[in-house]
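Residue numbers (our numbering), protein chains in the order written: chain A, 1 to 285; chain B, 1001 to 1285.
What follows is a short report on a single structure.
Protein chains: 2
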Amino acid sequence: MVLDEQWFTEIDSDDSGYAMSLKIKEKLHEERTPYQLIEVYETQTFGTLLVIDGCVMLTSRDNFLYHEMMSHPALFTHPAPKRVVIIGGGDCGTLREVLRHPGIEHVLQVEIDERVTRLSERFFPELCTANTDPRAEFHFDDGIAWMREAPAGSVDVIIVDSTDPFGPAEGLFGRDFYGNCARALGNEGLLVQQSESPLLHLEILQSMHREMHAAGLGHRRILNFPQPTYPSGWWCATLAGKHAGALEPRWEGIDTTALDLRYYNAAIHRGALACANFMDDALKR
Amino acid sequence: MVLDEQWFTEIDSDDSGYAMSLKIKEKLHEERTPYQLIEVYETQTFGTLLVIDGCVMLTSRDNFLYHEMMSHPALFTHPAPKRVVIIGGGDCGTLREVLRHPGIEHVLQVEIDERVTRLSERFFPELCTANTDPRAEFHFDDGIAWMREAPAGSVDVIIVDSTDPFGPAEGLFGRDFYGNCARALGNEGLLVQQSESPLLHLEILQSMHREMHAAGLGHRRILNFPQPTYPSGWWCATLAGKHAGALEPRWEGIDTTALDLRYYNAAIHRGALACANFMDDALKR
């Protein structure tokens, strides 16, 4: 069967042979910024949909999976996270999750395209409820350049919540950037970065781990989670640190009772760290 | 963008607003049996694709996820599984996984449509390598009727590897069938059944668990796993038994070194049992 114009379709890439489609009620917005093409749709069953350069960024219905997994595992791993930097993250969903943690003192979000944040405030207000938190600071600029200037040891957790490794985000997957992250992080510091689909993009994952290793982030673990509106529905993030102990979660300290979460709990955290045999083989950790 | 005729598309259901597509090289086979319409395609990147009544059954590339998770967790949970019955499973991938376990003495596969198995032998020979194992017995008949006549306490593990709960498979999700399974299982017996997408089909999962409970399968656990070519890419199976201890895996007994698996290991097993908060809330286990 051929889908008609009532569907938004994302083809993962020219040669992946995989596509995902959501039925659309109406297009709410379209705008070309200096960085990218942004579209917002109202879908039939997934709520509001944000698309950048043809790729699904998030839907109202399932973004909780990604945003919870980009924030809580890292924050329950670092021994005492206080200073967080989010690179990208313009929709503010990750920021909201980070600020659920009372121990956080300051979150700087460095997003290159201010329009993503302004449109998120308009179309996804539920993701932006923490934007006025006095601990949140917004810096609309290039995260790669920002990290180059970041003072050594000034950050506890860096969260790279970016688009795929093409276009403006490409440099966020390279050795220079990781080296600057390693410098900005203290010895207990952690980097967590979205790292694509284990089934479809294993080569990107391998490349990221090689570059991280070469840049001084000698230890890495993968967090697997479902993300139905991303290609294959199976996504992962990579946690990276300077020593193995830095990646060991504070199991006894995981208390989510006050956090009001829909996906994450301690068992989910432990489960997310389990990797398929083929991934262990490919990454030889 | 609109996909052209070079793509096979499955719309999850009329009102789900979600579709997944695979790019096709050619259609290899099409046949209408007394039970269903079967199609086989060669895809661009997912190998061979089996479709029944418009729904993806499996691809060469990612079926290992489903087949490993439908078999190994249950077989590493029952204390000493020897007698297995597979209801459905016509592609023989689950059968192959079960027969990797040397302790298994007999597997009866009750598949209603012999043509599924014959076509799998032709188009998916790698899934049928255990079909000539002397421990395997094939019975091409209605699994619902077969279970009605099964002797009490005659089966250790029942694996329901069926299509979705519509058409010929509908009765496999109801109280009468579960009651007959409960009778056929011994006190330590286990039922494992594919139970759809936690995100898209939570109501089916809730209904299954209610019916199982009412039929004497008083304890249930969910196994989550990725399955990229099923709707949402996030799938699950339900394990059901008569007492809580029957669902506790033999953690110390999980040895997969001789099994040659691509996904399953003890950590994956443990992780699969972790459920999202929203699932725990919905199922009130």
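From the three backbone atoms N, C-alpha and C, an ideal C-beta is built for every residue, glycine too.
Looking at chain A, is there any beta carbon in it that lies within less than 9 Å of the beta carbon of residue 1043 (chain B)?
One-based indexing of the second sequence puts residue 1043 (chain B) at position 43. Chain A contact via Cβ: present.
Assuming residue 1197 (chain B) and residue 1208 (chain B) form a contact by the criterion Cβ under 8 Å, report the distance between their Cβ atoms to the nearest whole angstrom.
Along the second sequence, one-based indexing puts residue 1197 (chain B) at 197. Along the second sequence, one-based indexing puts residue 1208 (chain B) at 208. With a Cβ gap of about 13 Å, residue 1197 (chain B) and residue 1208 (chain B) do not count as contacting.
Mind checking the region 255 to 267 of chain A against chain B and listing, in chain order, the residues whose C-beta falls within less than 7 Å of any C-beta there?
Residues 261, 262, 263, 265 and 267.
Quick one: grab the DSSP three-state call for residue 34 (chain A).
Counted from its first residue, the first sequence places residue 34 (chain A) at position 34. Annotated three-state conformation of residue 34 (chain A) is coil, per DSSP.
Say whether the region 71 to 90 of chain A touches the region 105 to 122 of chain A, bearing in mind that this needs 3 or more beta-carbon pairs closer than 8 Å, one atom from each stretch.
Touching, yes.
Whose C-alpha, out of A:133, A:100 and A:4, is nearest the C-alpha of residue 258 (chain A)?
Start at 1 with the first residue of the first sequence, and residue 258 (chain A) comes out as number 258. For residue 258 (chain A), the nearest C-alpha among the options comes from A:100.
Buried versus exposed, by CB contacts within 10 Å (16 or more), residue 1096 (chain B)
By 1-based counting over the second sequence, the position of residue 1096 (chain B) is 96. The residue in question, residue 1096 (chain B), is buried, as its Cβ has 16 or more Cβ neighbours within 10 Å.
Interfacial residues, the region 1005 to 1028 of chain B to chain A, with Cβ spacing under 8 Å
Correct list: 1005, 1007, 1009, 1011, 1015, 1016, 1017, 1018, 1019, 1020, 1021, 1022 and 1023.
Under a CB-based cut-off of 9 Å, is residue 1274 (chain B) close to chain A?
As a position in the second sequence, residue 1274 (chain B) is number 274, starting the count at 1. Yes, residue 1274 (chain B) counts as interfacial toward chain A.
Would the beta-carbon of residue 45 (chain A) fall within 9 Å of that of residue 1016 (chain B)?
As a first step, residue 45 (chain A) must be located in the first sequence, where it is residue number 45. As a first step, residue 1016 (chain B) must be located in the second sequence, where it is residue number 16. In contact: residue 45 (chain A) and residue 1016 (chain B) (Cβ atoms closer than 9 Å).
Looking at chain B, which residues of the region 224 to 235 of chain A have a Cβ within less than 7 Å of any of its Cβ atoms?
226, 228, 232, 233 and 234
Interface residues of chain B around residue 58 (chain A) at Cβ under 7 Å?
To locate residue 58 (chain A), count along the first sequence from 1; it is residue 58. Within chain B, no residue comes near residue 58 (chain A); the closest Cβ sits about 14 Å away, beyond 7 Å.
Cβ contact check for the region 1145 to 1164 of chain B and the region 1178 to 1185 of chain B: 3 or more pairs under 8 Å:
Inter-segment contact for the region 1145 to 1164 of chain B and the region 1178 to 1185 of chain B is present: three or more beta-carbon pairs are separated by less than 8 Å.
Taking 8 Å as the cut-off, is the CB of residue 1036 (chain B) close to at least one heavy atom of the ligand GTP?
Absence of the ligand GTP is noted for the structure shown, with no ligands found whatsoever.
What did DSSP end up calling residue 1181 (chain B) once you bin it into helix, strand or coil?
For this step, residue 1181 (chain B) is matched to residue 181 along the second sequence. If DSSP states are grouped into helix, strand and coil, residue 1181 (chain B) belongs with the helices.
Measuring only between beta-carbons, confirm whether residue 1270 (chain B) sits less than 9 Å from chain A.
Against the second sequence, residue 1270 (chain B) aligns to sequence position 270. Interface residue, yes.
Quick check on residue 1063 (chain B) - is its C-beta less than 9 Å from some C-beta in chain A?
Translated into the one-based positions of the second sequence, residue 1063 (chain B) becomes position 63. No, because no Cβ of chain A sits closer than 9 Å to the Cβ of residue 1063 (chain B).
Terminal residues of the continuous beta strand (DSSP E) containing residue 65 (chain A)?
Looking up residue 65 (chain A) in the first sequence gives position 65. Counting along the chain, residue 65 (chain A) falls outside any beta strand (DSSP E), though it belongs to the alpha helix (DSSP H) covering 63 to 75.
Taking only beta-carbon atoms, is residue 277 (chain A) less than 9 Å away from chain B?
For the purposes of this step, residue 277 (chain A) is taken as the residue at position 277 of the first sequence. Yes, its Cβ sits closer than 9 Å to a Cβ of chain B.
Cβ distance (whole Å) where residue 106 (chain A) is taken to contact residue 83 (chain A) below 8 Å:
As a working note, residue 106 (chain A) is residue 106 in the first sequence. As a working note, residue 83 (chain A) is residue 83 in the first sequence. About 5 Å separates the two Cβ atoms, so the contact holds.
Nearest to residue 1027 (chain B) by alpha carbon, out of B:1019, B:1140, B:1036 and B:1043?
Numbered from 1 along the second sequence, position 27 holds the residue referred to as residue 1027 (chain B). Here the closest residue by C-alpha is B:1043.
Looking at residue 1267 (chain B) and residue 274 (chain A), is the spacing between their C-beta atoms short of 9 Å?
If you number the first sequence from 1, residue 274 (chain A) lands on position 274. If you number the second sequence from 1, residue 1267 (chain B) lands on position 267. It is a contact, given that the beta carbons lie within the stated cut-off.
Using a 10 Å radius around the Cβ and a threshold of 16 neighbouring Cβ atoms, would you call residue 205 (chain A) buried or exposed?
As a working note, residue 205 (chain A) is residue 205 in the first sequence. The residue in question, residue 205 (chain A), is buried, as its Cβ has 16 or more Cβ neighbours within 10 Å.
Mind checking which residues open and close the beta strand (DSSP E) that includes residue 1111 (chain B)?
Walking along the second sequence from the start, residue 1111 (chain B) turns up at place 111. Looking at the DSSP string, the run of the beta strand (DSSP E) that includes residue 1111 (chain B) is 1106 to 1111.
Using a beta-carbon distance cut-off of less than 9 Å, what residues from the region 191 to 208 of chain A approach chain B?
197, 198, 199 and 200
DSSP state of residue 158 (chain A), grouped into three classes?
As a working mapping, residue 158 (chain A) is identified with position 158 in the first sequence. It is a strand residue.
Specify, as a first and last residue, the run of the beta strand (DSSP E) that residue 50 (chain A) falls within.
The count along the first sequence starts at 1 and reaches residue 50 (chain A) at position 50. Residues 48 to 52.
I'd like to know if residue 1051 (chain B) contacts chain A, where contact means its C-beta is closer than 9 Å to some C-beta of that chain.
Here residue 1051 (chain B) is taken as the residue at index 51 of the second sequence, counted from 1. For residue 1051 (chain B), the closest Cβ of chain A is not nearer than 9 Å.
Along the beta strand (DSSP E) that carries residue 1220 (chain B), what are the first and last residues, could you check?
If you number the second sequence from 1, residue 1220 (chain B) lands on position 220. Unbroken beta strand (DSSP E) run through residue 1220 (chain B): 1219 to 1226.
Any beta carbon of chain B sitting closer than 9 Å to that of residue 3 (chain A)?
What you label residue 3 (chain A) is simply residue 3 of the first sequence in a count that begins at 1. Interface residue, yes.
Check whether the region 1112 to 1123 of chain B and the region 1172 to 1180 of chain B touch, using three or more Cβ-Cβ pairs below 8 Å as the test.
These segments do not touch.
Classify residue 1190 (chain B) as helix, strand or coil using the three-state DSSP reduction.
Counted from its first residue, the second sequence places residue 1190 (chain B) at position 190. Residue 1190 (chain B): strand per DSSP, three-state reduction.
Suppose the cutoff is 8 Å on Cβ atoms and the five residues either side in sequence are ignored; what does the same chain contact list for residue 1055 (chain B) look like?
Position 55 of the second sequence, counted from the first residue, corresponds to residue 1055 (chain B). Cβ neighbours of residue 1055 (chain B) beyond the five flanking positions: 1010, 1163 and 1164.
Going straight from the alpha carbon of residue 151 (chain A) to that of residue 180 (chain A), what length do you get?
Counting from 1 along the first sequence, the entry for residue 151 (chain A) is found at position 151. Counting from 1 along the first sequence, the entry for residue 180 (chain A) is found at position 180. Rounded to whole angstroms, residue 151 (chain A) to residue 180 (chain A) spans 10 Å at the Cα level.
For residue 239 (chain A) and residue 261 (chain A), the rounded distance between their alpha carbons:
Looking up residue 261 (chain A) in the first sequence gives position 261. Looking up residue 239 (chain A) in the first sequence gives position 239. Near 21 Å, if we compare the C-alpha coordinates of residue 239 (chain A) and residue 261 (chain A).
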